[in-house]
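Enquirer: Input: one structure, supplied below.
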Amino acid sequence: MATQADLRAKITVPDLIAAKRAGRRVTMMTAYDAAFARLVDAAGIDSILVGDSLGMVVLGHATTVPVTMDDMVSHCAAVARGASRPLLVGDLPFGSYQAGVADAMRNAIRLLKEGGMDAVKLEGGREVAETVRTLTANGIAVMAHVGLTPQRVAQLGGYKVQAKTGRAAQRLLEDALALEEAGAFAIVLEAVPAQVAALVTERLAIPTIGIGAGVRCDGQVLVLHDALGLYGSFAPKFAKRYADLGPVIVGALRDYDREVREGTFPDEAHSFAMSEREAATLDQTRMAAKPRAV
Ligand code: KIV
Numbered sequence: 255m256a257t258q259a260d261l262r263a264k265i266t267v268p269d270l271i272a273a274k275r276a277g278r279r280v281t282m283m284t285a286y287d288a289a290f291a292r293l294v295d296a297a298g299i300d301s302i303l304v305g306d307s308l309g310m311v312v313l314g315h316a317t318t319v320p321v322t323m324d325d326m327v328s329h330c331a332a333v334a335r336g337a338s339r340p341l342l343v344g345d346l347p348f349g350s351y352q353a354g355v356a357d358a359m360r361n362a363i364r365l366l367k368e369g370g371m372d373a374v375k376l377e378g379g380r381e382v383a384e385t386v387r388t389l390t391a392n393g394i395a396v397m398a399h400v401g402l403t404p405q406r407v408a409q410l411g412g413y414k415v416q417a418k419t420g421r422a423a424q425r426l427l428e429d430a431l432a433l434e435e436a437g438a439f440a441i442v443l444e445a446v447p448a449q450v451a452a453l454v455t456e457r458l459a460i461p462t463i464g465i466g467a468g469v470r471c472d473g474q475v476l477v478l479h480d481a482l483g484l485y486g487s488f489a490p491k492f493a494k495r496y497a498d499l500g501p502v503i504v505g506a507l508r509d510y511d512r513e514v515r516e517g518t519f520p521d522e523a524h525s526f527a528m529s530e531r532e533a534a535t536l537d538q539t540r541m542a543a544k545p546r547a548v
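Shown next, in the form of structure tokens:
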């Protein structure tokens, strides 16, 4: 998305909207810590999502539901320390905005002030439009998220493709329009048929960011651990694996384990040495420290 002239300029919310107007695709990737945020930034990706997917791929939960505000704040702050150019978006976790707009305001402010995020993301359609309106009216940039909304996995009966009928597609479009009207600056479309995502993308002025929503969205997002092969063997159909780092890491750790056991690590190159003169004094030290016979 960046041009040669502004290659290292910080990406902003208006930049994403301008990208849609100019027909430039937006790239987004999740990250959850400073080390990977630095790598995502180095790759030139426009935006980092500190997704509540961290509950599954980093914290080992079965779903995103148990993720807390404290989890999010801590991981957002780590990402903000690692990345400087991408637009940083932090997920409001389940339970942090559903009980009322005051909760949503307080928790979104935490993600910005303590977590260093530029914007927040929340899941849901027209039922969260008033929350989006309040947040944006108070200066908080909001990314919306419709289609498969993992925080509602129990209600949805699993991680299933959404909006598969004409009627459901119409509802999804109405939700997306309501969220745009409420002030969302972009909207994630997760696991919806490519034709439905294309229609929503056509009708909205704000960018659509697809994940399992086909190529005609304005941008794409993937979960980093799926893209790099760091989350076991299961991955949803839409999660293209750009590298298979799991086996590479296990191989490296096996080498370490073997070398420690056989005494070949650390070798001289990875150890510190005294000068020979100083080393000679160690004999005296050894003698002086000799335990006295009783
Ligand atoms: O939590 C997350 O990583 C997300 C993406 C799947 C869009 O919400």
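Numbers given in my numbering equal positions in the sequence shown, counted from 1, plus 254. Heads up, the beta-carbon is just placed ideally off N, CA and C, and yes, glycines get one too.
Does L528 come out as helix, strand or coil in the three-state DSSP assignment?
Expert: Just to set this straight, residue 528 is Met in the shown sequence, not Leu. Note: M528 maps to coil in three-state DSSP.
Enquirer: Give me the Cβ distance between T284 and V477, rounded to the nearest whole Å; I'm assuming they're in contact under 8 Å.
Expert: 5 Å
Enquirer: Run the CB neighbour count on Q538, radius 10 Å, all protein chains shown included, and call it buried at 16 or more, exposed below.
Expert: Burial call: exposed.
Enquirer: Taking G466 as the reference, which of P340, I460, L342 and V475 has the closest Cα?
Expert: V475
Enquirer: Return the CA-CA distance between V267 and F526, expressed in angstroms with no decimal places.
Expert: 50 Å
Enquirer: Give the DSSP-derived three-state secondary structure of S328 in the structure shown.
Expert: Residue state, collapsed to three classes: helix.
Enquirer: What do you reckon, are the CB atoms on L448 and G420 nearer than 8 Å?
Expert: Reading off the sequence shown, one finds Ala at residue 448, where the question assumed Leu. Not closer than 8 Å, so no.
Enquirer: Just how far apart, CA to CA, sit K367 and D511?
Expert: 42 Å
Enquirer: Hey, is T284 close to ligand 1, as in C-beta under 7 Å from one of its heavy atoms?
Expert: Closer than 7 Å to some heavy atom of ligand 1: that describes the Cβ of T284.
Enquirer: Going straight from the alpha carbon of L389 to that of A362, what length do you get?
Expert: 8 Å
Enquirer: Quick check on T388: does DSSP put it in helix, strand or coil?
Expert: helix
Enquirer: Please work out which residues of its chain come closer than 8 Å, Cβ to Cβ, to V327, disregarding the five sequence neighbours upstream and downstream, and give them in chain order.
Expert: R364, L365, E368 and G369
Enquirer: Of the choices A436, K274, A481 and G483, whose alpha-carbon is the least far from that of E381?
Expert: A436
Enquirer: Starting from the C-beta of Q434, find all residues in its chain whose C-beta is less than 6 Å away, skip the five residues before and the five after it, and write them out in chain order.
Expert: Per the sequence presented here, residue 434 reads as Glu, with Gln not at that position. Contacts found: L458 and I460.
Enquirer: Can you tell me whether H524 is buried or exposed? The criterion is at least 16 other CB atoms within 10 Å of its CB, across all chains shown.
Expert: exposed
Enquirer: Excluding the 5 residues flanking A288 on each side, which residues of the same chain have their C-beta closer than 7 Å to its C-beta?
Expert: A332, V333, R335 and G336
Enquirer: How would you label D521, buried or exposed, when you count the other beta carbons within 10 angstroms and need 16 or more for buried?
Expert: D521 counts as exposed, since fewer than 16 other C-beta atoms from the protein chains shown sit within 10 angstroms of its C-beta.
Enquirer: Which residue marks the beginning of the alpha helix (DSSP H) containing V294, and which one marks its end?
Expert: For V294, the enclosing alpha helix (DSSP H) covers residues A288 to A296.
Enquirer: Pick helix, strand or coil for G437, following the three-state DSSP scheme.
Expert: When secondary structure is reduced to three states using DSSP, G437 falls in the coil class, being assigned neither helix nor strand.
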